[in-house]
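There are 2 protein chains.
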Amino acid sequence: MPWPQEMKTNASDFNITEDFSVFIHGDVDEYSRISEASVRFVRYMTHKSGIFVTEGFPNAKAISASTASLNIYFDTEAKVVMGIDESYSLNVSDAGIEIRAHTDVGAMHGLSTLLQLIKVKDGAYAFTGVQIKDEPRFVWRGLMMDVGRHFMPVGVVKRNIDAMALVKLNVFHWHLSDDQGFRVETKTLPELYKKASDGQYYTQEQVKDIVKYADDRGIRVVPEFDVPGHGTAFLTAYPELGSKKGMTYSLERNAGIFDPTLDPTNEKTYEMLDTLFKEVAPLFTDVYFHIGGDENEGKHWHENPEIQQFMKDNKLKDNHELQTYFNIRLEKILAKYGKSLMGWEEIMTPNMPKSALIHSWRGVNEGMEPGESLVKAVKNGYQTILSNGYYIDLLLSVEDHYLVDPMPAVALSAEEAGRILGGEATMWAELVTPLTVDSRIWPRTAAIAERFWSAKEVRDVDHMFERLNTMSQFLELVGIQHRKSQEYLLRNIANYQDTHGLRQLTTISEPFKIYSRNAGGTEYKTYSPFTLFADACTSDAKSVRDFRKLVDAYVDQSDQSVKEALARYLNTWAGIADQLKTIAPNAPLVSRVQPYAERVGEIASIGLKALENDEISQEELQQLEALIVKKEDTAVNLDVELAVANDIMRLTQYLAKK
Amino acid sequence: MPWPQEMKTNASDFNITEDFSVFIHGDVDEYSRISEASVRFVRYMTHKSGIFVTEGFPNAKAISASTASLNIYFDTEAKVVMGIDESYSLNVSDAGIEIRAHTDVGAMHGLSTLLQLIKVKDGAYAFTGVQIKDEPRFVWRGLMMDVGRHFMPVGVVKRNIDAMALVKLNVFHWHLSDDQGFRVETKTLPELYKKASDGQYYTQEQVKDIVKYADDRGIRVVPEFDVPGHGTAFLTAYPELGSKKGMTYSLERNAGIFDPTLDPTNEKTYEMLDTLFKEVAPLFTDVYFHIGGDENEGKHWHENPEIQQFMKDNKLKDNHELQTYFNIRLEKILAKYGKSLMGWEEIMTPNMPKSALIHSWRGVNEGMEPGESLVKAVKNGYQTILSNGYYIDLLLSVEDHYLVDPMPAVALSAEEAGRILGGEATMWAELVTPLTVDSRIWPRTAAIAERFWSAKEVRDVDHMFERLNTMSQFLELVGIQHRKSQEYLLRNIANYQDTHGLRQLTTISEPFKIYSRNAGGTEYKTYSPFTLFADACTSDAKSVRDFRKLVDAYVDQSDQSVKEALARYLNTWAGIADQLKTIAPNAPLVSRVQPYAERVGEIASIGLKALENDEISQEELQQLEALIVKKEDTAVNLDVELAVANDIMRLTQYLAKK
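Here the protein sequences come in this chain order: A and B.
In this note's numbering, each residue carries its 1-based index in the first sequence increased by 38.
In this note's numbering, each residue carries its 1-based index in the second sequence increased by 38.
In structure tokens, the structure reads:
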């Protein structure tokens, strides 16, 4: 994953043995990007296979091109900027392995593909024999991490960058400021990180380290400093730049859209941003610089008569025009420091220069058509990328994201279509911490990465799910902690007693979707515990699809052979509450789950009885319906839903009609 | 853990509720060490308990001394140096919680104790009501991490420092160079990290960050640059400083004691070390600076006629005197930069200044009495610390380490005894990686920490083991990955099939002890896979002590009531091989374990049969003996031993005699 553009199977595989060795052709030394990538590749391979390779480093003295297992050829070391050649070819057979690419970045993609070809064959590890020719469909394949709401330490960022490289994502969009925190050390404006980060920020050297870390993996880094809205952190440090005079600002602990907004009529605002951008721009090597610009409702602008006067004086007829005025000034500042402005779609106002990159994000939740602004942007002559449809923090099924294509269904000229550069998955962090962020991003983002890389026609959902399961293992190999953390959370919830009932419950329970967890924004504060049962659950819970398919077979095709499997599931779920009961007395967090587990047990029991009796009474059906809609659980912050509820309902309704 | 010097139980406990709040008395702001420690404490508490506290930060506006749950009093912010006052008192009752200390470091120890008082009471989380007065027995309570053999990234070091703080260790000894790598960026001598680290080193800012991180937790950092032996990394960068002329040096990939040694007769050696120390000394705030000095066998000195001539000219009669000459020159260089020299016990030669601190490490394995050099050091007027007995990389039972006291059994004057400052656990890293290092250090080092902190009389092994089990949970709470990594390793070995058979096998299997894994030093290279079954096993395997106690009861007290429990264990172990057989075809690493599992199964089956029949034939007894001594497993790098073998033997011998 992502699925290659062209792939043929070879007759023979390549067996991994201790003789495995790598030879890189061309002018490289041990610190060349491709050399380090090859070392990582060999470490992953040995780590997974347990093979003791004799030569641990590429181009070691004893290795020659003719004897090496893997030969890597490339023409040039790429400067990692938008639009470089990322293509590669890969040939695996028992005669050896060859990666060819124009750039070292392309060759690194070849290594990511090769790693995923590891399989067991005749009781030993081998690489599957294939011929692959591959290149990306879109040039911009991004993952955004919000480190403003919850700070993510360097190690968390790095392991996610490793995972990005595995699935060939190439833009790390780093959302570095928000109402809840400003996350970068600034020497010229030290109040920003000293007063507005709770001590949780990246030093400049850490920023540079991460930028280099990403670059070493062929990944661009686009920083975002969100202005003028989402500005509480800025204003905690510099209240005099706020649009509401005399207001005392302090870091936001809740989630939501807040009023604090930089004052666009105050020259000192531009001085501060000029100082900031001048200092931070050189930390980032990429030309794009994201200034946010979203969700400014302008309440404080309306309330401030001086701002209103300024608008009159400058013939700015509404908040949009005022924000455009602000954005255009920012664009000029950024240009001085060699940066191109990029912002969320709200920046697309009539006078915005066409050089700005429009980040399309709003959709149905915001009362708009999905991707509406994307089409508008390209028709208006802007380059754009799509995030609507890739909001992974909504915790929808990965299927929903996978089927969204960055290229809209409407007719576009070739020129217009060419302005759609790709897309970005967005990991907003109101409800995620370093402990849970991996399980919110992965493995699902691998499917989104496939959407950005692979051919438009690659959209078989079953095939995707099957491969996603394997990707989950490779993601763990490169350091992602989604599985480790889930098990730890269950141990913590069970207070270190038997977790098997809780684990079973996670296979059918999914965290509330579309921001219905923490709906008011105040139930969870930034410092609330995110170590609850909902945090241990994930979207696409493990047994849900399998159960759905069994119900499909039983209901739609009257396939009696699945009856036993259905019964086995229902029987397991019916028994969870009893197991939890044994551990609840010594585990207060299990007590919170118990009412839900009991409800699940009742639902499963009714379903099981109906299945076994091949009938269900109207009374029981109503009882089931009542149980399914009941949500006593929310009172205890349980915030999960029974993801098999509809399918149990479907099964019993079918039985009722029989 | 460590057990306090004085503790009384209060009649009432303190229930944790959402009103929980902290008030710190004295002149503190949010960046004060104690404020940050309090924030961490509250996060750990909420994280474990799932309680949504209303106020997430100490001394928030709504919190006053009279209403706060926890009041912290202290007199001064300590400069973290050797010998500061670390005492504290802690009072917990339903009326509130109070920590009092002379220094903020003492107060932080109070928080570490308080965290461990969390328990479940009446279905909710509470702090146990106690009155504690506590202070350390020794001033030097250290953990050494070797990052030379296998590099440990910043995140690994930091989480181990957090764990140190939890168990009140106060010296992080950082072994930064060895034959396998030099791990610090040096601007004046860039070849050191560029040529001799494989790109795995700490930047100077990372070093400073870690020093500050430790200081924030009341922990001193003592760096070690090991010279003149263990010098391959130095000589890879600067071959001209080697004792063997014309030799080509390259980073060592094997484990062992190697010949490359700095040339003590070459003035340029001192120039290089002076340059290095001048640059790195200011990165560390502590006065002590460890120069290694161990295991120099002087082979290259013997072989080099110029060095022999230099010794004659300078009346240095042997290698010891030459090394003393070297050490004394280093002591003078370090003194220029405000540092006191510390070294492994080999530096203790007749002319060594008494200001040097002697690190006692050799013992039975090196043909000496345990702690021999410790006594010699204090009698010679040196201050000293003990590591012999605390070599956790030997993978002995924690019981062995726990019962070693830094204070020797021989008669010492008060003055002499006062020169024994404490001890250090040493985590040498030939066979550990970032993935396994936590499970090698923890939870066992908590018991060693107790030895260094608590009263000499606290040495009840059963009580220690019981508490160690709880500590394992708190260690996971502060970020230690021992359990997470073990489960991941089992998943990887099982190639993501069912791991329960493997997990059962880890409960009775322990990795080879006392360096018998990798005995020749070449079987495992630095880049070999440390993701094998032995890496998933730990010393003090989970079921071993329990089984031993059952055998004790059955054999020594003829207690028939334990028969069923014994049979249950044996029956489980007898069945492991069958489960592994089902997953082995698709898991090459399981195939390697299979012969061992089968042998374990045969052993357990014979034991089970004997137990059930209440007798065993001589033939079966011999068969059992043969199975137990058999080690076919080593051929496949299995490197584990059946830790219940002797007890099964004991049981069957008893049955044979009956």
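Glycine residues also receive a C-beta, built at the ideal position from the N, C-alpha and C atoms.
Using 8 Å as the threshold, is the stretch 454 to 464 of chain A in touch with the stretch 413 to 423 of chain A, meaning 3 or more CB pairs across them?
Judged by Cβ distances under 8 Å, the stretch 454 to 464 of chain A makes contact with the stretch 413 to 423 of chain A, as three or more pairs qualify.
Ignore the nearest five residues each way along the sequence and tell me which others in A/His211's own chain have a CB closer than 6 Å to its CB.
Contacts found: Gly180, Met182, Val260 and Glu462.
So with CB distances below 8 Å, who are the chain A contacts of B/Ala697?
As shown, chain B starts at 39 and ends at 696. That puts residue 697 of chain B outside it, with no answer to give.
Residues in the stretch 516 to 528 of chain B with C-beta within 8 Å of chain A's C-beta atoms, listed in sequence order?
Correct list: Gln519, Arg521, Lys522, Ser523, Glu525 and Tyr526.
Which residues in the same chain as A/Leu368 place their Cβ atom closer than 7 Å to its Cβ, once the five residues preceding and following it in sequence are excluded?
Answer for A/Leu368: Leu311, Ile329 and Leu379, listed in chain order.
Could you tell me how far apart the beta carbons of A/Val205 and A/Leu214 are, in whole angstroms, since I believe they sit closer than 8 Å?
The Cβ separation is near 23 Å, so there is no contact.
Take A/Leu646 as the anchor and find which of A/Leu693, A/His397, A/Tyr634 and A/Leu680 has the nearest alpha-carbon.
It is A/Leu693 whose Cα lies nearest to the Cα of A/Leu646.
Can you tell me whether B/Thr141 is helix, strand or coil according to DSSP?
Strand at B/Thr141.
For A/Ser76, report the span of its alpha helix (DSSP H) as first-last.
Start and end: Arg71 to Ser87.
I'd like to know whether the C-beta of A/Val158 is nearer than 8 Å to at least one C-beta of chain B.
Chain B, which has a Cβ nearer than 8 Å to the Cβ of A/Val158, makes this yes.
For the alpha helix (DSSP H) that contains B/Arg255, what are its first and last residues?
Unbroken run through B/Arg255: none, as it is neither H nor E.
Can the beta-carbon of B/Asp13 be found closer than 8 Å to that of B/Glu384?
One cannot answer for residue 13 of chain B here, as it falls past the ends of chain B, which runs 39 to 696.
Does B/Ser566 come within less than 8 Å of chain A when only Cβ atoms are used?
Taking Cβ atoms only, chain A reaches closer than 8 Å to B/Ser566, which makes this a yes.
Going by CA-CA distance only, name the one from B/Ala133, B/Arg258, B/Asp142 and B/Val158 that's closest to B/Trp178.
It is B/Arg258.
State the DSSP-derived secondary structure class of B/Leu227, mapped to helix, strand or coil.
The answer is coil: DSSP assigns B/Leu227 none of H, G, I, E or B.
Can we say the stretch 555 to 571 of chain A touches the stretch 461 to 477 of chain A, given the rule of at least three CB pairs closer than 8 Å?
These segments touch.
Tell me which same chain residues have a C-beta within less than 6 Å of the C-beta of B/Val192, skipping the five on either side of it?
So the qualifying residues of the chain are Gln244.
Pull the bridge partners of A/Gln421 from the DSSP assignment, please.
A/Gln421 pairs with A/Leu395.
For my contact list, A/Gln242 and A/Phe189 are in at a C-beta cut-off of 8 Å; report their separation, rounded to the angstrom.
The Cβ separation is near 16 Å, so there is no contact.
Out of curiosity, what's the CA-to-CA distance linking B/Gln632 and B/Leu540?
Between B/Gln632 and B/Leu540, the C-alpha separation is close to 10 Å.
When the Cα atoms are used, what is the spatial distance from B/Met349 to B/His358?
Whole-angstrom Cα-Cα distance: 11 Å.
Closer than 6 Å by C-beta to A/Gly269: which residues in its own chain qualify, once you throw out the five before and the five after it? Chain order, please.
Around A/Gly269: Pro298, Thr299 and Leu300.
Can you pull out the residues from the stretch 94 to 113 of chain B whose beta carbon lies closer than 7 Å to at least one beta carbon of chain A?
Cβ contacts with chain A come from Gly94.
Does any residue of chain A bring its CB to less than 8 Å from the CB of B/Asn530?
B/Asn530 counts as touching chain A.
Let's see if you can read the secondary structure: which residues bound the beta strand (DSSP E) around B/His538?
Taken as a continuous stretch (DSSP letters only), B/His538 belongs to no beta strand (DSSP E), being part of the alpha helix (DSSP H) at His538 to Thr544.
Just reading off the alpha helix (DSSP H) that A/Ile510 is part of, what are its end residues?
First, the residue type needs correcting, since residue 510 of chain A is Ser and not Ile in the sequence shown. Its alpha helix (DSSP H) spans residues Val499 to Leu515.
Pull up the distance between the alpha-carbon of A/Thr564 and that of A/Lys46, whole angstroms please.
Near 50 Å, if we compare the C-alpha coordinates of A/Lys46 and A/Thr564.
Whole angstroms is fine: what's the gap from A/Leu441's alpha carbon to A/Arg497's?
About 7 Å.
What residues from chain B crowd round A/Ile89, counting only those whose CB sits closer than 8 Å?
Near A/Ile89 (Cβ distances below 8 Å), the residues of chain B are Pro567.
With distances taken between CB atoms, is the gap from B/Thr508 to B/Ile430 smaller than 8 Å?
Contact flag unset, no.
Mind the definition here: the stretch 66 to 75 of chain B touches the stretch 93 to 100 of chain B only if three or more C-beta pairs lie below 8 Å; say whether that holds.
Yes: at least three Cβ pairs fall under 8 Å.
For the candidate residues A/Thr544, A/Leu659 and A/Glu561, whose alpha-carbon lies nearest to that of A/Ser581?
Nearest of A/Thr544, A/Leu659 and A/Glu561 to A/Ser581, Cα basis: A/Thr544.
Can you tell which of B/Ser87, B/Thr313 and B/Ser643 has its C-alpha closest to the C-alpha of B/Lys374?
Closest option to B/Lys374, Cα to Cα, is B/Thr313.
Would you decide whether A/Met386 is buried or exposed? Buried here means 16 or more other CB atoms lie within 10 Å of its CB.
When all chains shown are included, A/Met386 counts as buried.
Check whether the Cβ atoms of B/Ser577 and B/Glu548 sit closer than 8 Å, and answer yes or no.
Yes, the pair counts as a contact, with Cβ atoms nearer than the cut-off.
Does A/Gly186 come within less than 8 Å of chain B when only Cβ atoms are used?
No, because no Cβ of chain B sits closer than 8 Å to the Cβ of A/Gly186.
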